[in-house]
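Heads up, the thing below is written out as structure tokens.
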Amino acid sequence: LFPGVVLPQKRLFLRAFELYVDKNVSFGDAYNAALMEKLKITDVASYDLHFDRIEGIRRFEPHIA
């Protein structure tokens, strides 16, 4: 895919675009989710409900002391 495009971690960006389109989340959220998948991170502390749309990611709200 896109052989002429030189982009570090091109597959990560392709996965981010896929999530961006399929899950209707911001590109920033999609990129973070794709990176989490790559690094095998499943939990995220966030108030952003969009992470709930992505399978394999568990979102929890941080507690403020």
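Numbered by our numbering, the letters in the sequence shown go through residues 37 to 101 in order.
For glycine and all other residues, C-beta sits at the position ideal for the given N, C-alpha and C.
- Taking each of Ile-77, Ala-70, Arg-94, Lys-76 in turn and checking the Cα distance to Asp-84, the smallest one comes out for Arg-94.
- The beta carbon of His-86 is closer than 6 Å to those of Val-61, Asp-65 in its chain, skipping five residues each way along the sequence.
- Taking C-alpha positions only, Lys-74 is separated from Leu-43 by approximately 17 Å.
- Among the bridge pairs identified by DSSP, Asp-79 is matched with Arg-94.
- Note that the C-beta distance between Ala-70 and Arg-51 is below 7 Å.
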